[in-house]
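Novice: Below is the structure I would like to discuss, written out as structure tokens.
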Amino acid sequence: MNKEERIKVLQDIIKIKSINDNESEVADYLADLFQKHGIESEKVKYSEGRESLVATYKKGDGKVLGISDHEDVVAAGDESEWKYPPFSAEIDGDKLYGRGSTDMKSGLAALAISMIETKEENADINGTLKFMATVGEEVGELGSEQLTKEGYADDLDGLIIGELTGPALIYTHNPTCSPLYKR
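Residues in the sequence shown are numbered from 0 upward in steps of one, following numbering that gives the first Met the number 0.
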């Protein structure tokens, strides 16, 4: 993907109003994106309008690395107080504005793009990347709990969670996807 395509993916995801519901739209978008790039995915229904997404890219028989982030965002509050509409994904100079632009749709887009580019560049890996986009992280960690209970994390040898932590590398991070790493 070129820079413009990457930015468009992020903008498209930010424009989806997934305020701790309606995550199915994000799952649909990502499933279509993965399909266009030859990556299989599966939507996992939590409830009406709420679906997590699991996508897998396998090259070799090595270990399984999970990469995960959440699809939902917190409410935008009084939208008149925003410099730009919260779901417009406006670019001003070198900055992109919108609800979820940092927590956590930027991480979600980055993980999806990295998986796609790993496949497209035929990167020298021996193993499996398992992408997991979850519902309900902002309230209850619902999707990560469901994916764990249903066995989607059973084969993971490691897990990277795209939640922002500043410039630090953290061995474990709570609360994002904590059910995935407490198994």
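The beta carbon of each residue, even a glycine, is placed where N, CA and C say it ideally should be.
Output the residue ranges of the beta strand (DSSP E) runs that lie fully inside the region 45-86 and measure 3 residues or longer, sorted by chain position.
Specialist: 49-58, 63-69
Novice: Go to T133, then tell me how far its beta strand (DSSP E) extends in each direction, as first and last residue.
Specialist: If you look at T133, you'll find it in the beta strand (DSSP E) that goes 126-133.
Novice: Identify every residue that forms a DSSP beta bridge with L91.
Specialist: The residue you asked about is not Leu; residue 91 is Asp in the sequence shown. In DSSP, D91 forms a bridge with K94.
Novice: Can you check DSSP and say which residues form a bridge with S40?
Specialist: A54
Novice: Give every residue of the same chain whose Cβ lies closer than 6 Å to the Cβ of I124, excluding the five residues on either side of it in the sequence, and list them in chain order.
Specialist: K58
Novice: In its own chain, which residues sit with a C-beta less than 6 Å from the C-beta of A54, not counting the 5 before and 5 after it?
Specialist: The residues are F33, I38, S40, F130.
Novice: Please confirm if G97 has its CB atom under 8 Å from at least one CB of chain B.
Specialist: Of the chains in the structure shown, none is chain B; there is only one protein chain.
Novice: Are the Cβ atoms of S51 and V134 separated by less than 8 Å?
Specialist: S51 is a Cβ neighbour of V134, given a cutoff of 8 Å.
Novice: Let's test the definition: count the other Cβ atoms within 10 Å of the Cβ of L163 and tell me whether it reaches 16, buried, or not, exposed.
Specialist: Classification for L163: exposed.
Novice: Assuming I12 contacts Y28 under a Cβ cut-off of 8 Å, what Cβ separation, rounded to an integer in Å, is found between them?
Specialist: 6 Å
Novice: For I159, does the three-state DSSP call read helix, strand or coil?
Specialist: Per DSSP, reduced to three states, the secondary structure at I159 is strand.
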